[in-house]
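Visitor: My questions all concern the structure below.
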Amino acid sequence: MSRALLLSRKAEADAKPELEIYADDVLCAHGATVGELDDTQLFYLTSRGIDRKTARSMLITAFLDDAIDSITHPSLADMLRPVTTAWMNATPNAGDL
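Encoded structure:
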């Protein structure tokens with residue numbers, strides 16, 4: 440599954456869904472999603488007293504963590520976590536993107 444999160448109006452993502460066919464099963468899977476942060480999730484967090492910038496940062500971090508969790512090579516996943524944290528900290532307007 441290909442997933443992309445667009446963080447600015449100028450952002451683009453080219454998703455190319457491919458079929459994944461399981462040899463011994465009569466099942467296959469495919470899919471691709473491209474989108475912005477979910478307004479419903481933003482509303483939920485802001486209605487709980489979290490400011491919009493922090494809510495956006497939380498959702499971006501959750502998206503990145505979900506992507507890292509899907510990596511099957513543990514040492515690569517462990518290496519990427521601090522990189523994404525550093526990116527979020529080094530991008531002062533990450534919550535405003």
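Position one of the sequence shown corresponds to residue 440 (the numbering used here), numbered consecutively onward.
Glycine included, C-beta positions come from ideal geometry on N, C-alpha and C.
Keep in mind that this is a model prediction, so the values were computed, not measured.
1. Given a cut-off of 7 angstroms on the beta-carbon distance, is the pair LEU446 and PHE502 in contact?
2. Quick check for students: name the residue ranges of the beta strand (DSSP E) that lie wholly in the stretch 469 to 533, counting only runs of 3 or more.
3. Among the residues of its own chain, which have a CB less than 8 angstroms from the CB of ILE510, if the five just before and after it don't count?
4. Given this structure, state the Cα-to-Cα distance separating GLY488 from HIS512, to the nearest angstrom.
5. Could you tell me the alpha carbon to alpha carbon distance between SER496 and SER514, rounded to whole angstroms?
6. Work out the CA separation of THR530 and PRO544 for me, nearest whole Å.
Guide: According to the structure data:
1. As a position in the sequence shown, residue 446 is number 7, starting the count at 1. As a position in the sequence shown, residue 502 is number 63, starting the count at 1. The criterion of a C-beta distance shorter than 7 angstroms is not satisfied by LEU446 and PHE502.
2. List check, beta strand (DSSP E) in window: 471 to 474.
3. In the sequence shown, residue 510 corresponds to position 71, counting from 1. The answer, listed in chain order, is ALA516, LEU519.
4. Here residue 488 refers to the residue found at position 49 when the sequence shown is read from its first residue. Here residue 512 refers to the residue found at position 73 when the sequence shown is read from its first residue. Roughly 37 angstroms separates the two Cα atoms.
5. Residue 496 sits at position 57 when you count from the first residue of the sequence shown. Residue 514 sits at position 75 when you count from the first residue of the sequence shown. Inter-residue distance for SER496 and SER514 is about 25 angstroms (C-alpha atoms, whole angstroms).
6. This structure gives no information on residue 544, because the portion of the chain shown stretches from 440 to 536.
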